[in-house]
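First to last, the sequence lines map onto chains D and Z. Add 2 to a position in the first sequence, counting from 1, and you land on the number used in our numbering. Add 109 to a position in the second sequence, counting from 1, and you land on the number used in our numbering. First up is the structure itself, then whatever we jot down about it.
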Amino acid sequence: MIARRALLGGLTLGAGGLLSGCDRLNASPGFRGLLEGAEQLHYRSQRLLAGGGALAREYGRADMSPRFRTNGNIRPSSPDYLAHAAANFADWRLVVDGLVARPLSLSLSDLGGFPQRAQITRHDCVEGWSAIGKWQGPQLAAILRAAGLSSRANFIVFHCADDFGGVPYYESIDLNDAFHPQTILAVLMNDHRLPVPHGAPVRLRVERQLGYKHAKFVMRIEAREQIDNLHSGKGGYWEDRSGYAWYAGI
Amino acid sequence: MSDAPGPDPTPPAVGGDLVDRHRLATRLWHWVNVVALVVMVMSGLMIFNAHPRLYWGQYGANPDHAWFEIGSRGDEGFARLGAAEVATTGVLGVWRDEAGAVQRRAFPHWATIPSSYSLADARIWHLAFAWLLALGLLAFMVASLFNRHFKRDLTIRRAEIRPSHVWADIKDHARLRFPTGAAALRYNILQKISYAAVIFLLLPLVILTGLTMSPALTSGWAWLLDLFGGRQSARSLHFLAMAGLILFALVHIAMVLLAGPFNEVRSMVTGRYRLPREREERP
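Structure below.
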């Protein structure tokens, strides 16, 4: 009985020690670095398994979410954006620049002139929920080809109109995702012009990754050699702010 | 020549003997798996806290019907399963953190890694230790095929699954009559069923449903979505498999405590096990 009680006491102590130990490990840069190293494993193994032309599952109309919830910023606050929204984005232009031979400035009707792709896909939020919707817009690959992407470019960065407390939202993807057939600049959602809460006028769809990579309110697309010299260096707003993985395939 | 006997054969082990019980591969995996599972469960509960609702099907979000939910209304915490709801204030939904402040999250600070809310940090832990869990299981399975652990110790024989035998074993467990002497070296049928369920059903299920939640992986392996009926079904099954593993762990630990914790833990650390002495038969 005494041995049993000692063991139970030990287990309780052990559990307490485990908890504070985990929090200490969580704060240790060396241990975090080790854990974060797994992101490279995910990136490499998933590119190996599904890095080719494999498409994310596409669904039928009957599979669509009756209501597609919003999250993140649902209305950018910048006067410039609000003026464009009030004018239905008639004079709005999407800038494509950086490591390209021919920088572009594209209106919504210019975007409509590129080969379009429509897809009913599942949006997976990092929080755990999923919603299925229909997205339509030009393939990013066609726009990058029109701009003459430099061979020095390794990343495509999406600069957005929204911000959190003055810190602008942005995201970045590699060229494998940028040239994936399902990677589109959605201008239509469920057959209607993209609503403001879902990222009007243009939202990136990068179907093999989680929701925070799907930048809303895209204003400028920039081709870059590196992303570690941009903002706080992690390649995206949530990556910089909270330590979310840059590669969000899992 | 006389018919002198050869060297004595090793006498059969009897109660009180210290004998070899668990192989190195089994012991190593057991403890690696303990660490992996504790981290996976605790970081997983934090991930659940980010969206404490479960759905069936391909999609599922706040506007959709959740079959399970942990939440709060004002200062009341609740857990809801289908239409049945129980008050869980203080433990689930609404609880106080270490500083005494009221928090409105599903699972409390003492059950999660890290202890204060961070989905990003929990994912870093969960997705790193997932490799340890999955590769550990794979290595153990390969080793157990080669050292014949599965064949010798876990294979369920025809005679063992006769209802009368299973019932006798259930009665022995209920009366806490554990086997003695050399018989204690063999797993009984309830042990075999529960160990096999963990190794061949629950752990593979928790790993595969975890992979099904990866949008990149299901691009290459779309069959995973069909196997589990969609990403949200996979998320629900992932949670249920975890609940099954916790239930196993609780019963497993209770059995170790009842059977003699020092001897049992020693056999899983050093491999050496003292056979329980035979009971004196009482009239």
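Don't be surprised by glycine CBs; every beta carbon is placed ideally from N, CA and C.
Below 8 Å on C-beta distance, what does residue i contact in chain D?
i, result
"THR223/Z", "It is Pro, not Thr, that sits at residue 223/Z in the sequence shown. The answer, in chain order, is CYS24, ASP25, ASN28."
"HIS160/Z", "CYS127, GLU129, GLY130, TRP131"
"LEU326/Z", "GLN48, LEU51, ALA52, GLY251, ILE252"
Closest Cβ-Cβ distance between residue i and chain D: below 8 Å?
i, result
"PRO121/Z", "no"
"ALA229/Z", "yes"
"TYR382/Z", "no"
"ILE279/Z", "no"
"ILE179/Z", "no"
"LEU334/Z", "yes"
"GLN212/Z", "no"
"ARG344/Z", "yes"
Distance check for residue j and residue i, CA to CA, integer angstroms please.
i, j, result
"ARG383/Z", "ALA188/Z", "45 Å"
"PRO324/Z", "ALA85/D", "36 Å"
"ILE279/Z", "ILE355/Z", "21 Å"
"MET149/Z", "GLY35/D", "18 Å"
"SER225/Z", "TRP219/Z", "9 Å"
"LYS81/Z", "LYS301/Z", "For residue 81/Z there is no data in the structure shown, the boundaries of chain Z being 110 and 392."
"ASP165/D", "ALA247/D", "19 Å"
"SER107/D", "ARG95/D", "6 Å"
"ALA163/D", "LEU137/Z", "53 Å"
"ASN1/D", "ARG132/Z", "Since the first residue shown for chain D is 3 and the last is 252, residue 1/D is missing from the structure and cannot be characterised."
"LEU37/D", "LYS236/D", "16 Å"
"SER111/Z", "ALA122/Z", "In this predicted model, SER111/Z has a pLDDT of only 44, less than 50, meaning its place in the structure is not dependable; the value taken from the coordinates is given anyway. Going by the C-alpha atoms only, they are around 30 Å apart."
"GLY66/Z", "LEU299/Z", "Outside the displayed span of chain Z (110 to 392) sits residue 66/Z, for which this structure offers no information."
"ALA192/Z", "VAL203/Z", "20 Å"
"SER22/D", "ALA237/Z", "19 Å"
"GLY55/D", "ASP65/D", "24 Å"
"THR379/Z", "ASP262/Z", "19 Å"
"TYR83/D", "ALA29/D", "39 Å"
"ARG381/Z", "ASP129/Z", "5 Å"
"ASP193/D", "ILE252/D", "29 Å"
"LEU326/Z", "ARG210/D", "8 Å"
Considering only residues of the same chain and omitting the five flanking positions on each side of residue i, which have a CB-CB separation below 7 Å?
i, result
"SER67/D", "ALA133, ILE134, GLY135"
"SER234/D", "ASP242"
"ARG71/D", "ALA133"
"PRO117/D", "PRO140, GLN141, ALA144"
"THR135/Z", "HIS258"
Taking 8 Å as the threshold (C-beta atoms), are residue j and residue i in contact?
i, j, result
"PHE216/Z", "LEU201/Z", "yes"
"GLU227/D", "ARG154/D", "yes"
"ARG124/D", "ILE186/D", "no"
"LEU57/D", "PRO170/D", "no"
"ASN178/D", "ARG59/D", "no"
"HIS139/Z", "MET351/Z", "no"
"LEU232/D", "VAL159/D", "yes"
"MET322/Z", "ALA231/Z", "no"
"GLY186/Z", "ALA239/Z", "no"
"VAL198/D", "GLY150/D", "no"
"LEU242/Z", "ALA305/Z", "no"
"ARG207/D", "LEU196/D", "no"
"SER181/Z", "ARG205/Z", "no"
Find the residues of chain Z that neighbour residue i, judging by a C-beta separation of less than 7 Å, and give them in chain order.
i, result
"ARG69/D", "PRO172"
"ALA56/D", "SER328, GLY329"
"ARG222/D", "By Cβ distance, chain Z contributes nothing, its closest Cβ being about 26 Å from ARG222/D, past 7 Å."
"ASP65/D", "GLN167"
"ILE186/D", "By Cβ distance, chain Z contributes nothing, its closest Cβ being about 15 Å from ILE186/D, past 7 Å."
"GLY37/D", "According to the sequence as given, residue 37/D is Leu; it is not Gly. By Cβ distance, chain Z contributes ILE233, TRP234, ALA237."
Under 8 Å Cβ to Cβ from residue i, same chain only, skipping five residues before and after it: list those, please.
i, result
"ARG292/D", "The requested residue 292/D is not part of the displayed model; chain D covers only 3 to 252."
"THR289/Z", "GLY124, LEU384, PRO385, ARG386, GLU387, ARG388"
"MET3/D", "Confidence at MET3/D is low in this model, with a pLDDT of 45, below 50, so the placement of that residue should be treated as unreliable; the coordinate-derived value is given next. Nothing meets the Cβ criterion."
"GLY238/D", "TYR172, GLU173, SER174, TYR214, LYS215, TYR246, TRP248"
"TRP165/Z", "TRP176, GLY338, GLY339, GLN341, SER342, SER345"
"GLU207/Z", "HIS218, SER224"
"PRO392/Z", "Note on PRO392/Z: pLDDT 48, under 50, position unreliable in the model; the coordinate value appears next. Result list for PRO392/Z: empty, nothing under 8 Å."
Let me see if you follow: with CB-CB separation under 8 Å, is residue i close to chain Z or not?
i, result
"ARG46/D", "no"
"LEU244/D", "The sequence given here has Ser at residue 244/D, not Leu. Closer than 8 Å: yes."
"LYS236/D", "no"
"LEU21/D", "yes"
"TRP122/D", "At residue 122/D the sequence reads Ile, which differs from the Trp that was named. Closer than 8 Å: no."
"TYR239/D", "no"
"PRO158/D", "In the sequence under discussion, the amino acid at residue 158/D is Ile, which differs from the Pro named in the question. Taking Cβ atoms only, chain Z never reaches closer than 8 Å to ILE158/D, which makes this a no."
"TYR61/D", "yes"
"MET3/D", "With a pLDDT of only 45 at MET3/D, under 50, the local geometry of the prediction cannot be trusted, and the value read off the model is given with reservation. No, MET3/D lies away from the interface with chain Z (no Cβ there is under 8 Å from its Cβ)."
Give me the chain Z residues within the contact set of residue i, using Cβ-Cβ distance strictly less than 8 Å, ordered along the chain.
i, result
"GLN211/D", "PRO324, ALA325"
Could you tell me which chain D residues have their CB closer than 7 Å to the CB of residue i, listed as they occur along the chain?
i, result
"TYR226/Z", "Those do not exist, as TYR226/Z stays about 11 Å from chain D at its closest Cβ, beyond 7 Å."
For residue i, which residues in chain D fall below 9 Å Cβ to Cβ?
i, result
"ALA188/Z", "Result: empty, since nearest Cβ-Cβ is about 17 Å, beyond 9 Å."
Identify, in the order they occur along the chain, each residue of the same chain with its Cβ nearer than 6 Å to the Cβ of residue i, setting aside the five sequence neighbours on each side.
i, result
"ALA89/D", "none"
"PRO161/Z", "ILE179, ALA215"
"LEU20/D", "none"
Taking 7 Å as the cut-off, is the CB of residue i close to at least one heavy atom of the ligand FAD?
i, result
"ILE355/Z", "The ligand content of the structure shown is nil, which means the ligand FAD is not present either."
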